[in-house]
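Everything below concerns the one structure shown next.
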Amino acid sequence: MNIASDDTDPGAEATLGEDVFKQLLAFVLSNELPADSRVNINRIAKQLDVSPTPIREALTRLEVAGLVTKTHLKGFRTTSVLSEKELADLFVLRLLLEPTSAALAAEHATPAELNALTAELNSYTDAPETGDAQTMARFSEHDGRLHLLIAQASGNLAIQRALEQTHFHLHAFRLSYEKAAGDPTLLEHVAVVEAITAREPEAAAAAMRAHLAASRERLLPRARALEAPSQPR
Ligand SMILES: [Zn+2]
């Protein structure tokens, strides 16, 4: 497993902390740190050639996102991947929040927010091939950021917070990623952003609903397969 990074900046503590966090996040998303297992802080520190302190800090951030838990005396463990039921429940919540979020964004987004949304959309024109951990983590962040930008543009802080708290994109990407699922995702995002930019609330809500329904169909079978007793992984 090649995890050494040459682009860390040893002079800047904040940059180091951010780099270590991104590495750890990538490990969890790519299953290099397998689900439901103990995290060996010293081993990771050695692998990344850093002290245990930034590793602990990164783990605390991952704990907020629900990707690791801290157990008394036993240190950190990665959490299980979402069950089919947990995933289905999250989609019910997103289908309540996000079509409205998109409709409100179509009504209320400022020109600056529309620009930010378009820039985020254009940052990916093609889904990455099934790639290394960092590639997957970046694509996951793109998906999460796009949905969050829409929620911000909605002007409804309650929707924004509720959505943020789910950390949905992180959990979704742990279920495995395929380019075959990434490409339609991007096309669906285009439809949502175009309707928002065109200031068409109903079309924006419909496009978001279609995106979430399609995403649910792509992800639920994977959660089901991972849950099956004889999971072929
Ligand atoms: Zn999306």
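Per the numbering used here, the sequence shown starts with residue 1, numbered consecutively. Positions of the beta carbon are idealized from the N, C-alpha and C atoms, including for glycine. Here the structure is a predicted model, which is why all the values come from computation and not from measurement.
Could you pull out every residue in the same chain whose Cβ sits closer than 8 Å to the Cβ of Asp-126, ignoring the five residues on either side in sequence? Taking the sequence shown and counting its residues from 1, one reaches residue 126 at position 126. Closer than 8 Å at the Cβ level, and outside the excluded window around Asp-126, lie Asp-183 and Leu-186.
Which same chain residues, not among the five before or five after Ala-133, have their C-beta less than 7 Å away from its C-beta? Along the sequence shown, read from residue 1 onward, the residue named residue 133 stands at position 133. Ala-26, Phe-27, Leu-29, Ser-30 and Glu-32, listed in sequence order.
Is there contact between the region 150-158 and the region 215-227, where contact requires at least three CB pairs shorter than 8 Å? no
Sorted by chain position, which residues of the same chain lie with C-beta nearer than 6 Å to Phe-76's C-beta, five sequence neighbours on each side aside? Position 76 of the sequence shown, counted from the start, is the residue given in the question as residue 76. Here the set comprises Val-39, Leu-59, Val-68 and Lys-70.
Alpha-carbon spacing of Leu-146 relative to Glu-120, whole angstroms: Within the sequence shown, numbered from 1, the residue matching residue 146 stands at position 146. Within the sequence shown, numbered from 1, the residue matching residue 120 stands at position 120. Roughly 6 Å between the two C-alpha positions.
Less than 6 Å between C-beta atoms, sequence neighbours within five positions excluded: which residues of the same chain meet that for Ala-103? Position 103 of the sequence shown, counted from the first residue, corresponds to residue 103. Same-chain partners within the cutoff: Pro-201, Ala-204 and Ala-205.
Would the beta-carbon of Asp-183 be found less than 6 Å away from any heavy atom of ligand 1? The residue given as residue 183 occupies position 183 in the sequence shown. No, the beta carbon of Asp-183 sits no closer than 6 Å to any heavy atom of ligand 1.
Do the CB positions of Gly-66 and His-142 come within less than 7 Å of each other? Numbered from its first residue, the sequence shown carries residue 66 at position 66. Numbered from its first residue, the sequence shown carries residue 142 at position 142. Contact: no.
Closest by C-alpha distance to Pro-34, when choosing among Glu-129, Val-81, Glu-188 and Leu-163: For the purposes of this step, residue 34 is taken as the residue at position 34 of the sequence shown. Looking at the Cα atoms, Val-81 is the closest of the given residues.
For ligand 1, I want to know if Asp-126 counts as a neighbour, meaning its beta carbon is within less than 6 Å of at least one of the ligand's heavy atoms. The sequence position of residue 126 within the sequence shown is 126, counting from 1. Not under cutoff, so the answer is no.
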